[in-house]
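Visitor:
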Amino acid sequence: MTPRSYSAIRLSLMAFIVTLAMPALAGDQTVGQAKKAFTVGAIKAKVGDTVTFRNDDEFAHNVFSLSDAQSFDLGSYKKGEVRSVKLTTPGVIEVECAIHPEMKMKIEVAK
Amino acid sequence: MLVLVLAAPLASAEEEILILPRDTTDAAVIRGSIAYRTYCVLCHGTSGKGDGRAAKMYTPRPANLTVSPFPDKYKELIIRGGGPAVGRSPFMPPWGDELTDEQISDLISFLREVRKMGTPAS
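Going down the list, the protein sequences come from chains L and A.
Per the working numbering: the first sequence = residues 41 to 151.
Per the working numbering: the second sequence = residues 22 to 143.
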């Protein structure tokens, strides 16, 4: 193997490590659902961002919102499954779980 | 002293009224109404007519339970497995993991009353 090949491999490896070390893109946030609660009470995001909900419980969850800013229902889904919503409008979105009425969280969406 | 003697029979009468035997239909309907108001009212509404605060989001609209033609066994299937389990709305969640067998049975007792009365008790 030539020194040039070594350099190419080293560069590729460095690029790979840098990619791994980068935080998730600001527009992509994941919120867990565990022990009948959202893992965070509130998050901040921007229009165009995507929020993903991941079910970490043994039973089904649901995600919906009736907020004026944006209403949606991502349906019901089992353990390990995810559902995502793209944020389209600035404002505060109150997110709930239809199956567990005590589960609530907020998404503050900026322009 | 006189007051205490007079009050004693009244207290006993009140206790008899408040304690409803667990295995009666009335008790099941009351428990079912509590489960309904906790889990179902969001979509099916306080009237049971499918006009809950979330109903506007869904097509088809949540079922009008005051005119539901389905037998108890079918209602149990929908409640346990959700809409998709019986080829109905994907937005009706599966409640089999969340509700106990008794709660589901109580809900069905309550829905029977809703169908008879045309509207749930407040």
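C-beta: ideal position from N, C-alpha, C; glycine also.
Source: prediction; values computed, not measured.
(1) Jot down the residue ranges of each uninterrupted alpha helix (DSSP H) in the region 59-92 of chain A, minimum 4 residues, whole runs only, in chain order.
(2) Can the beta-carbon of A/Arg-74 be found less than 8 Å from the beta-carbon of L/Leu-106?
(3) Would you please state the rounded distance, in angstroms, between the beta carbons of A/Ser-130 and A/Thr-46? I believe it to be under 8 Å.
(4) Does L/Pro-141 come within less than 8 Å of chain A when only Cβ atoms are used?
(5) Does DSSP classify A/Leu-98 as helix, strand or coil?
(6) When the Cβ atoms of the region 133-145 of chain L are set against those of the region 70-89 of chain L, are three or more pairs found closer than 8 Å?
(7) Does chain L have any CB closer than 8 Å to the CB of A/Pro-90?
(8) Going by C-alpha distance, which of L/Asp-108, L/Gln-69 and L/Asn-102 is nearest L/Gly-88?
(9) Can you confirm whether L/Asn-95, when its beta carbon is compared against all beta carbons of chain A, has any partner nearer than 8 Å?
(10) What is the DSSP secondary structure of L/Glu-136, counted as helix, strand or coil?
(11) Tell me which same chain residues have a C-beta within less than 7 Å of the C-beta of A/Gly-103, skipping the five on either side of it?
(12) Can you say whether A/Ile-100 is buried or exposed, counting buried as having 16 or more other CB atoms within 10 angstroms of its CB?
(13) Since L/Ser-124 meets chain A, which of its residues come closer than 8 Å, beta carbon to beta carbon?
(14) Mind checking who L/Met-145 pairs with in its DSSP beta bridge?
(15) What would DSSP say about L/Glu-110, mapped onto helix, strand or coil?
(16) What's the C-alpha gap between L/Gln-110 and L/Val-132?
(17) Tell me which residue opens and which closes the alpha helix (DSSP H) that L/Thr-129 is part of.
(18) By the criterion of Cβ-Cβ separation under 7 Å, what are the contact partners of A/Glu-97 in chain D?
(19) Measuring CB to CB, does L/Thr-92 end up less than 8 Å from L/Val-122?
(20) How long is the line joining the alpha carbons of L/Gly-67 and L/Glu-98, rounded to whole angstroms?
(21) Indicate the three-state DSSP secondary structure (helix, strand or coil) for A/Arg-109 in the structure shown.
(22) Let me see if you follow: with CB-CB separation under 8 Å, is L/Asp-108 close to chain A or not?
Guide: The answer reads as follows:
(1) Qualifying alpha helix (DSSP H) stretches, in chain order: 62-65.
(2) yes
(3) 6 Å
(4) True, the Cβ-Cβ gap to chain A drops below 8 Å.
(5) helix
(6) yes
(7) no
(8) Nearest option by C-alpha distance: L/Gln-69.
(9) no
(10) Strand.
(11) Met-113, Pro-114 and Pro-115
(12) A/Ile-100 comes out buried.
(13) What L/Ser-124 touches in chain A: nothing, since even the nearest Cβ is about 17 Å away.
(14) L/Val-135
(15) Before going on, a small fix: residue 110 of chain L reads as Gln here, not Glu. Three-state DSSP puts L/Gln-110 in coil, outside helix and strand.
(16) Each residue's Cα considered, the two are about 8 Å apart.
(17) Taken as a continuous stretch (DSSP letters only), L/Thr-129 belongs to no alpha helix (DSSP H), as it is neither H nor E.
(18) Checking the listed chains, one finds no chain D in this structure; the protein chains it contains are L and A.
(19) Judged by their CB atoms, L/Thr-92 and L/Val-122 are nearer to each other than the 8 Å cut-off.
(20) Those two C-alpha atoms are separated by around 28 Å.
(21) coil
(22) no
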